[in-house]
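**Q** Got a structure here, written out as structure tokens. Questions coming.
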Ligand SMILES: [Zn+2]
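Numbering (my numbering), first residue to last: 11 to 571.
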């Protein structure tokens, strides 16, 4: 995936849209005919499946499938909450990815999805039972009870188990254990984090879904005889989604863009930074309720700020030609944007690939995403990210692993940073804790407790005037020596459904951020206008400065040596 790629979630209603947008990739496609049409337009096309449910009609016909659904602590099957308006012979119960029959069912669907010359496979709801178990009260099916018993036996010693109330692992039953704490689904959901074995149970479920993702990849690649790209709906930054990312080439997912705030969110960009921390491209979309808000309020202008933000952060919002919307009142519905509102923006990106491909975040500040603490609601890195971006502090993100997230803080990399911001030091293993100790001893650790923590980051490498409503993102291309400064206008006016232009934007960058180089040439691009304007950068001591007469939605100023 290139940073300048335009990605469609679904195949379009008419193939003309491929050309209108400059689409290069369909990640969430379906069917050999759609794949063939995409290929004719030079588009890479993935087939897709989901782990979510086999649907109520199939469950009614197949007793084995019905025995493979997620059940709650009361023994009742769990219906997928956002599919209740899809009426079938039975409710659409959540499939359990621990059950061997359902695992095989998913694998067969995947083998069907990669027929017909597709380039890869997308898995929606890839977290399977782990997702259901993490917030919806599953799963106490026979397969999960037996599987978790074996998992505890293999991974924990008798003394550790005794500490959490497991006297005899050979007869251990998680349902009976949970009943000491909760007897209804809602009680279990409310009290789950206080149950000592809840986190190990999620880890067990994630191990199950991750192995299914890995098995499916092997089976599909064997079937087609070549390698396939694999993506999943990873809903960053939720750690339950990060148990299998090693098996994925692309993170393709819904992020919460906070549409109902009626303004661009300060924190939604964090998903892009976390994707960088996992060294993977993110093709994002908004959540179903975000799109429902956009549809109900007819605000394509807010979506344009999302598109600009995504590419400025080095990733991409999938083109919104056909979006799934969801509210509890309306259920599933759809929003189709007007092509003329968005195609010029996306085409512009593909026509200026040299401003995107090969550029990486420049910044000496590192923000640690503490994934185990985040899962427990104890990590403030997302809040810190919102503050840092709002003040044009250039930061990179690294992911602290734990539980099931297989990442570890790199001591050398952190000691090489100017500053390391952490939103929590809880829940880390001894090695990662020691790494943060070393960073602290080097005088570089900033524990985020709120905006007052940012004083430790002064002076900022990038200064923007006016500072309100302008975000500056500095990206450097190590091969060419070029620097692209993305300027995002955040001054969105809800009534006008557009940003209010900002005059006389001045940017000053510490040259240490740019490898100490001087820049003689600069060019400004006002996306998506075809013209470019020369800019005269001035070098004043340690800083490079330039001025932009006017900022509309999004400008890119390219500095060249
Ligand atoms: Zn189960």
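Note that CB positions come from ideal geometry on N, CA and C, so glycine has one too.
Quick one: give me the first and last residue of the beta strand (DSSP E) that residue 380 is part of.
**A** The residue labelled residue 380 in the question sits at position 370 within the chain shown. Residues 375-380.
**Q** Below 8 Å, can you find three or more Cβ-Cβ pairs linking the stretch 292-302 to the stretch 318-331?
**A** As far as the Cβ criterion goes, the stretch 292-302 touches the stretch 318-331, which means the pair count is three or higher.
**Q** Is the number of C-beta pairs between the stretch 530-550 and the stretch 464-477 that are closer than 8 Å three or more?
**A** Cβ pair count under 8 Å is below three, so no.
**Q** In the DSSP output, which residue or residues are listed as bridge partners for residue 457?
**A** Walking along the chain shown from the start, residue 457 turns up at place 447. Answer is 432, bridged to residue 457.
**Q** Would residue 563 and residue 508 qualify as a contact pair, given that the criterion is a beta-carbon distance under 9 Å?
**A** Here residue 563 is taken as the residue at index 553 of the chain shown, counted from 1. Here residue 508 is taken as the residue at index 498 of the chain shown, counted from 1. Taking C-beta atoms as the reference points, residue 563 and residue 508 count as a pair closer than 9 Å.
**Q** Is there at least one non-hydrogen atom of ligand 1 closer than 8 Å to the beta-carbon of residue 280?
**A** Locating residue 280 in the chain shown gives position 270, where the first residue counts as 1. No.
**Q** Under 8 Å: does the beta carbon of residue 437 sit that close to some heavy atom of ligand 1?
**A** Here residue 437 refers to the residue found at position 427 when the chain shown is read from its first residue. Not under cutoff, so the answer is no.
**Q** Per DSSP, which residues does residue 544 bridge with? Please list them.
**A** Numbered from its first residue, the chain shown carries residue 544 at position 534. According to DSSP, residue 544 bridges with 533.
**Q** Along the chain, where does the beta strand (DSSP E) that runs through residue 499 open and close?
**A** Residue mapping note: residue 499 aligns to position 489 of the chain shown, counting from 1. Element bounds for residue 499: 493-499.
**Q** Classify residue 432 as buried or exposed, calling it buried when 16 or more other Cβ atoms lie within 10 Å of its own Cβ.
**A** For the purposes of this step, residue 432 is taken as residue 422 along the chain shown, with counting starting at 1. Looking at its Cβ environment, which holds 16 or more other Cβ atoms inside 10 Å, residue 432 is buried.
**Q** Report yes if the C-beta of residue 150 is less than 8 Å from at least one heavy atom of ligand 1; otherwise report no.
**A** For this step, residue 150 is matched to residue 140 along the chain shown. Checking the Cβ of residue 150 against ligand 1 gives yes.
**Q** What does the alpha-carbon distance come out to for the pair residue 337 and residue 547?
**A** On the chain shown, position 327 is the one that residue 337 refers to. On the chain shown, position 537 is the one that residue 547 refers to. Their backbone Cα atoms lie some 49 Å apart in a straight line.
**Q** Looking at residue 401 and ligand 1, is the gap between the Cβ and the nearest heavy atom below 8 Å?
**A** As a first step, residue 401 is located in the chain shown; it is residue number 391 there, counting from the start. No, the beta carbon of residue 401 sits no closer than 8 Å to any heavy atom of ligand 1.
**Q** Please classify residue 104: does DSSP put it in a helix, a strand, or coil?
**A** Translated into positions along the chain shown, residue 104 becomes position 94. Looking at residue 104 - three-state DSSP - the assignment turns out to be coil, as it is neither helix nor strand.
**Q** For residue 93 and residue 493, what's the separation of their Cα atoms in angstroms?
**A** On the chain shown, position 83 is the one that residue 93 refers to. On the chain shown, position 483 is the one that residue 493 refers to. Cα-Cα distance, rounded: 46 Å.
**Q** Cβ of residue 116 within 8 Å of any heavy atom in ligand 1?
**A** Within the chain shown, the letter at position 106 stands for residue 116. No; taking the cut-off as 8 Å, the Cβ of residue 116 has no heavy atom of ligand 1 nearer than that.
**Q** Roughly how many angstroms separate the alpha carbons of residue 177 and residue 171, rounded to a whole number?
**A** Sequence index remark: in the chain shown, residue 177 carries index 167 (1-based). Sequence index remark: in the chain shown, residue 171 carries index 161 (1-based). Roughly 7 Å between the two C-alpha positions.
**Q** Could you pull the start and end residues of the alpha helix (DSSP H) that residue 298 belongs to?
**A** Looking up residue 298 in the chain shown gives position 288. For residue 298, the enclosing alpha helix (DSSP H) has its first and last residue at 298-307.
**Q** Quick one, are the C-beta atoms of residue 519 and residue 471 less than 9 Å apart?
**A** Locating residue 519 in the chain shown gives position 509, counting from the first residue. Locating residue 471 in the chain shown gives position 461, counting from the first residue. A contact, by the Cβ cut-off of 9 Å.
**Q** Which partner residues of residue 336 appear in the DSSP bridge assignment?
**A** What you label residue 336 is simply residue 326 of the chain shown in a count that begins at 1. BP columns for residue 336 point to 342.
**Q** Comparing the CB of residue 63 with every heavy atom of ligand 1, is any distance shorter than 8 Å?
**A** Residue 63 sits at position 53 when you count from the first residue of the chain shown. Residue 63 has its CB no nearer than 8 Å to any heavy atom of ligand 1.
**Q** What I want to know is whether the C-beta of residue 147 ends up closer than 8 Å to one or more non-hydrogen atoms of ligand 1.
**A** Locating residue 147 in the chain shown gives position 137, where the first residue counts as 1. It does not: the Cβ of residue 147 is nowhere closer than 8 Å to a heavy atom of ligand 1.
**Q** By a C-beta neighbour count over all protein chains shown, 10 Å radius and 16 as the cutoff for buried, is residue 127 buried or exposed?
**A** Counting from 1 along the chain shown, the entry for residue 127 is found at position 117. It is exposed - the Cβ of residue 127 has fewer than 16 other Cβ atoms within 10 Å.
**Q** Could you tell me if residue 243 is buried or exposed, where buried requires 16 or more neighbouring beta carbons within 10 angstroms of its beta carbon?
**A** Position 233 of the chain shown holds residue 243. Residue 243 should be labelled buried.
**Q** Does DSSP put residue 519 in a helix, a strand or coil?
**A** On the chain shown, residue 519 is found 509 positions in, with the first residue counted as 1. It is a strand residue.
**Q** Does residue 396 come out as helix, strand or coil in the three-state DSSP assignment?
**A** The residue given as residue 396 occupies position 386 in the chain shown. Here residue 396 sits in helix by DSSP.
**Q** What span of residues does the beta strand (DSSP E) with residue 480 cover, start to end?
**A** To locate residue 480, count along the chain shown from 1; it is residue 470. Start and end: 480-486.
**Q** Take residue 290 and list the residues in its own chain whose beta-carbon comes closer than 6 Å to its own, dropping the five residues that flank it on each side.
**A** The sequence position of residue 290 within the chain shown is 280, counting from 1. Excluding positions up to five away in sequence, the list reads 261.
**Q** Skipping 5 residues on each side, what residues in its chain have a beta carbon closer than 6 Å to that of residue 317?
**A** Indexing the chain shown from 1 puts residue 317 at position 307. Excluding residues within five positions, the ones whose Cβ falls inside 6 Å are 327, 355.
**Q** Using the Cα positions of residue 399 and residue 523, report the straight-line distance between them to the nearest angstrom.
**A** As a working note, residue 399 is residue 389 in the chain shown. As a working note, residue 523 is residue 513 in the chain shown. So the two alpha carbons sit approximately 16 Å from each other.
**Q** Does the stretch 75-91 come close enough to the stretch 185-202 that 3 or more CB-CB pairs lie under 8 Å?
**A** The stretch 185-202 is in contact with the stretch 75-91.
**Q** Hey, is residue 250 close to ligand 1, as in C-beta under 8 Å from one of its heavy atoms?
**A** Counting from one through the chain shown, the residue named residue 250 turns up at place 240. No; taking the cut-off as 8 Å, the Cβ of residue 250 has no heavy atom of ligand 1 nearer than that.
**Q** Just curious, the alpha helix (DSSP H) that residue 26 is in, first and last residue?
**A** As a working note, residue 26 is residue 16 in the chain shown. Counting along the chain, the alpha helix (DSSP H) containing residue 26 begins and ends at 26-31.
**Q** State yes or no: is the C-beta of residue 421 within less than 9 Å of the C-beta of residue 457?
**A** Sequence index remark: in the chain shown, residue 421 carries index 411 (1-based). Sequence index remark: in the chain shown, residue 457 carries index 447 (1-based). Against a cut-off of 9 Å, the Cβ pair of residue 457 and residue 421 comes out as no contact.
**Q** Fully enclosed by the stretch 54-138, which beta strand (DSSP E) runs are 3 residues long or longer?
**A** 54-60, 130-134
**Q** Which residues mark the beginning and the end of the beta strand (DSSP E) in which residue 475 is found?
**A** In the chain shown, the residue the question calls residue 475 occupies position 465. For residue 475, the enclosing beta strand (DSSP E) covers residues 472-475.
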